[in-house]
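Engineer: For the record, in the sequence shown the residue sitting at position 120 is 120 according to full-length UniProt numbering, with numbers rising by one throughout.
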Amino acid sequence: MAPKRPRHSDSGLGTIEKDTLLVSLKELLSALGKGEDEYPRGKLLEMVQNLCNKFEGTTGNQPTTHVTLSSADKHIVDVLKINQSLLAITDAKRQEIRDLGCTDTPGCISMEVTKHLVRLVRGHTSSDTEAGIRILVNTVLLRLASAMSLRDVGVVIIPEHPFVGIDVCRGSGNFSLNGVVVVQTPTQFTSHFCHGTIKPSEPSATGRGARFNIIEVKVLDILSAIPQVAATAAACCQNQSLAAIRGCITTGEKWMFFVYEHRDNGGEIRLSDTFELESDLHGLALVLGLLQDWLGNANILAQDIFTFEKAPIPRG
């Protein structure tokens, strides 16, 4: 009797081997997608994609159990021709944004409760790992979601959103932001985003009135994440034909905001100073106010909170 073929679950592949194979398959998919005139796509493309889905733990709209995280470096920024420059907050706007951030809307998590939750997280959660600091990030974002979710508009938080069809590092085979995507959408679509039947990085999402911010999470060094958010923002703008997208980089305690402008031959990412929650949480209202403005104007380049400094930031 012929030996029985092993199923994928019996293949003996460990996590590292599976991840390596998944990256290779995605690189093949990317190559096939670029060579439509030279490569027959059809059934072969479908078969390879199905195999990728099996290793990722996804089938159609089923939950994603594994996502290959992207890891861009400054070389990607140079390849994509992305310039960097500064945003400086105006004194006249600082108090206005604080007031926006601390305003309680009907049914939202109050500022007092939010501060209490942040203190609990600080006192009972390790911040030595990304998983730990995400608890703090999500606490801040839950306040944002509750304050901005009204009768007609809802806010959805999507950790490690897989940017389906967008290789954010061009050939790396890595498709997921190492952080969070926060989506503002009409309430009739909120559950669809929560359950993955609509994805914010798909072009159809914009047609449904959705807009989103990219939030990259880092344990220590915020500056090291700049290439990552620049590459992801560039890919999203190109995929959805957007002129601009906003987002931020955070350690949970520190937050840096950015605006990315997409251009025909490259782009420009404009970065703010780093804002801290501070030990007494005096900075929480300012961070929340900036998050509200950023999400409410997610794809709008023009803003009056910051002044634009044309002097470029050194790429280091």
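Using N, Cα and C, we set each Cβ at its ideal position, and we do this for glycine too.
By alpha-carbon positions, which one of 144, 87, 78, 210 ends up nearest to residue 183?
Structural biologist: When each option's Cα is compared against that of residue 183, the closest is 210.
Engineer: Does the Cβ-Cβ distance between residue 281 and residue 148 come in under 8 angstroms?
Structural biologist: Not a contact, by the Cβ cut-off of 8 angstroms.
Engineer: I'd like the list of long-range same chain contacts for residue 142, defined as Cβ closer than 7 angstroms, with 5 residues on each side in sequence excluded.
Structural biologist: These residues qualify, in order along the chain: 109.
Engineer: For residue 307, does the three-state DSSP call read helix, strand or coil?
Structural biologist: Strand, per DSSP.
Engineer: Can you check DSSP and say which residues form a bridge with residue 185?
Structural biologist: For residue 185, which the question treats as bridged, DSSP gives the partners 154.
Engineer: For residue 300, which residues of its own chain have a beta-carbon under 7 angstroms away from its beta-carbon, when the five flanking residues on both sides are left out?
Structural biologist: Excluding positions up to five away in sequence, the list reads 244.
Engineer: Per the DSSP calculation, residue 250 is bridged to which residue(s)?
Structural biologist: The partner list for residue 250 (beta bridge, DSSP) reads 217, 255.
Engineer: Just to confirm, are residue 193 and residue 229 a CB contact at a threshold of 8 angstroms?
Structural biologist: Not closer than 8 angstroms, so no.
Engineer: What does residue 229 pair with, by DSSP beta-bridge criteria?
Structural biologist: The partner list for residue 229 (beta bridge, DSSP) is empty, contrary to what the question assumes.
Engineer: Name the one or two DSSP bridge partners that residue 180 has.
Structural biologist: Partner(s): 159, 215.
Engineer: Quick one: give me the first and last residue of the alpha helix (DSSP H) that residue 138 is part of.
Structural biologist: Start and end: 130 to 148.
Engineer: Mind the definition here: the region 114 to 133 touches the region 75 to 84 only if three or more C-beta pairs lie below 8 angstroms; say whether that holds.
Structural biologist: With a cut-off of 8 angstroms, the region 75 to 84 and the region 114 to 133 do not count as touching, because too few Cβ pairs lie within range.
Engineer: At which residues does the alpha helix (DSSP H) containing residue 96 begin and terminate?
Structural biologist: Run containing residue 96: 91 to 102, per the alpha helix (DSSP H) assignment.
Engineer: Going by DSSP, which residues form a beta bridge with residue 262?
Structural biologist: According to DSSP, residue 262 bridges with 267.
Engineer: Around the Cβ of residue 263, are there at least 16 other Cβ atoms within 10 angstroms (buried) or fewer (exposed)?
Structural biologist: Burial call: exposed.
Engineer: Just how far apart, CA to CA, sit residue 273 and residue 260?
Structural biologist: Distance between the alpha carbons of residue 273 and residue 260: 15 angstroms.
Engineer: Where does residue 278 fall in DSSP's three states?
Structural biologist: In the structure shown, residue 278 sits in coil (DSSP, three-state: anything other than H, G, I, E or B).
Engineer: For residue 244, which three-state DSSP category applies?
Structural biologist: Note: residue 244 maps to strand in three-state DSSP.
Engineer: Suppose the cutoff is 6 angstroms on Cβ atoms and the five residues either side in sequence are ignored; what does the same chain contact list for residue 219 look like?
Structural biologist: Cβ neighbours of residue 219 beyond the five flanking positions: 130.
Engineer: What is the rounded straight-line gap between the Cα of residue 305 and the Cα of residue 292?
Structural biologist: Near 12 angstroms, if we compare the C-alpha coordinates of residue 292 and residue 305.
Engineer: Under three-state DSSP, which class holds residue 58?
Structural biologist: With a pLDDT of 47 at residue 58, under the threshold of 50, the predicted position of this residue should be treated as unreliable, and no value is reported.
Engineer: From what residue to what residue does the alpha helix (DSSP H) around residue 194 run?
Structural biologist: Per DSSP, residue 194 belongs to the alpha helix (DSSP H) from 190 to 194.
Engineer: In three-state terms, what does DSSP make of residue 297?
Structural biologist: Three-state result, residue 297: coil.
Engineer: If I'm right that residue 267 touches residue 234 with Cβ under 8 angstroms, what's the distance once you round it to whole angstroms?
Structural biologist: The pair is a contact, with the Cβ atoms about 5 angstroms apart (cut-off 8 angstroms).
Engineer: Can you tell which of 115, 201, 93 has the C-alpha that lies nearest to the C-alpha of residue 240?
Structural biologist: With distances taken between Cα atoms, residue 240 lies closest to 201.
Engineer: To the nearest angstrom, how far is the alpha carbon of residue 64 from that of residue 215?
Structural biologist: Residue placement at residue 64 is poorly supported in this model, since its pLDDT is 49, which falls under 50; the coordinates are not used for a value here.
Engineer: Shortest alpha-carbon distance to residue 277 belongs to which of 160, 285, 75?
Structural biologist: It is 285.
Engineer: Rank 271, 303, 265 by C-alpha distance to the C-alpha of residue 78 and give the top, closest one.
Structural biologist: Nearest of 271, 303, 265 to residue 78, Cα basis: 265.
Engineer: Taking the beta carbon of residue 145 as the centre, do at least 16 other beta carbons fall within 10 Å, making it buried, or is it exposed?
Structural biologist: Buried, because 16 or more other Cβ atoms sit within 10 Å of the Cβ of residue 145.
Engineer: Counting along the chain, where does the alpha helix (DSSP H) carrying residue 114 start and finish?
Structural biologist: Unbroken alpha helix (DSSP H) run through residue 114: 111 to 124.
Engineer: Spatial neighbours of residue 222 within its chain, please: CB distance less than 8 angstroms, with the 5 preceding and 5 following residues excluded, ordered by chain position.
Structural biologist: Excluding sequence neighbours, residue 222 sits near 249, 250, 251, 254, 256, 274.
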